[in-house]
Amino acid sequence: MAFTRSGSLLAITLGLGIAGAAPVAAEMNTEAVRIAQAGVVPTSSIQQQTLYLSPDRAYSYNLETERAVTVNGLNIPAGAEIQGQYEPASGGLRYVANSVMINGRAYSLNANSQVLNDVKDPRDTRTGSIAEDAGIGAAGGLILGEILGDSGIAGAVGGAAAGAAVGNVTADRVVVVEPEEMINLYL
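Okay, so the sequence shown: first residue is 946 according to the numbering used here, each after it adds one.
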């Protein structure tokens, strides 16, 4: 048997023939294929409504791939479902993916997003909420003015301003995820 640097000649010499040299990957029929730790998978939220998530707890939601990508030989089509959850991280939440569904089969996926930053809850800082806080502050200013003996419009106006400012400052912090918002997952 001769040794040569030519892979084809070696295969023929060993009696394998070129047609008989099937790729190893084609022979794998496992339910879970480990995806290598390299690359980026562009995804987006599949939720139809805006999500307002507290940065203090985990939430299970699925994402979908925005475009077809190939990772370590595995073709992930556009629209493939990414399964995982948003998990607390410093400054907000991070999406942690654990699998991708392709043609009804789950493949293991270990990928994370960057931190999705928390913001003041926009539902608490809308005009109606601020006006409500201002009204509470104005009533508090009037009551305080009565107690201190300075009952007048100045107490109500000052209380209204304070209520609006404090209401805006003390709004809950949430991570807002819009429908179809792009979230890159890093492998």
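Don't be surprised by glycine CBs; every beta carbon is placed ideally from N, CA and C.
ask   = Alpha carbon to alpha carbon, what distance is there between D1063 and M1046?
value = Numbered from its first residue, the sequence shown carries residue 1046 at position 101. Numbered from its first residue, the sequence shown carries residue 1063 at position 118. Distance between the alpha carbons of M1046 and D1063: 29 Å.
message = As an exercise, report each continuous alpha helix (DSSP H) stretch of at least 4 residues that is fully enclosed by the region 973-1036, in chain order.
response = none
message = For D1066, which residues in the same chain have their Cβ closer than 6 Å to its Cβ, ignoring the five residues on either side in sequence?
response = Locating residue 1066 in the sequence shown gives position 121, counting from the first residue. Contacts found: A1116, D1117 and V1119.
Nearest neighbour of N1017, chosen from Q1059, V986, S1058 and E1123 [CA to CA] = Within the sequence shown, residue 1017 is the residue found at index 72, counting from 1. Cα-wise, what sits closest to N1017 is V986.
Backbone CA spacing between A971 and L1019 [nearest angstrom] = As a first step, residue 971 must be located in the sequence shown, where it is residue number 26. As a first step, residue 1019 must be located in the sequence shown, where it is residue number 74. Bear in mind that a pLDDT of 43 at A971, under 50, signals an unreliable position, so the number given afterwards is only what the model happens to contain. Answer to the nearest angstrom: the Cα atoms are 11 Å apart.
inquiry  = Excluding the 5 residues flanking P1022 on each side, which residues of the same chain have their C-beta closer than 8 Å to its C-beta?
reply    = Position 77 of the sequence shown, counting from 1, holds the residue named residue 1022. Cβ neighbours of P1022 beyond the five flanking positions: T1010, A1013 and I1047.
task = Quick one: residues in its chain with C-beta nearer than 7 Å to the C-beta of A1025, no 5 flanking neighbours on either side, listed in chain order?
result = The residue given as residue 1025 occupies position 80 in the sequence shown. E1009, T1010, V1045, M1046 and I1047.
ask   = Which first and last residues belong to the beta strand (DSSP E) in which R1118 is found?
value = For the purposes of this step, residue 1118 is taken as residue 173 along the sequence shown, with counting starting at 1. Here the beta strand (DSSP E) through R1118 covers R1118 to V1122.
request  = Select from D1069, I1027, V1121 and Y1004 the residue whose C-alpha is nearest the C-alpha of P1033.
outcome  = Locating residue 1033 in the sequence shown gives position 88, counting from the first residue. If we check each option's Cα against that of P1033, Y1004 comes out closest.
task = May I have the straight-line CA-CA distance separating R1002 from T1015, to the nearest angstrom?
result = As a working mapping, residue 1002 is identified with position 57 in the sequence shown. As a working mapping, residue 1015 is identified with position 70 in the sequence shown. Cα to Cα, R1002 sits roughly 32 Å from T1015.
query = Of all the options S1035, G1036 and Y1040, which has the alpha carbon lying nearest to the alpha carbon of I1027?
reply = The sequence position of residue 1027 within the sequence shown is 82, counting from 1. The option with the nearest alpha carbon to I1027 is Y1040.
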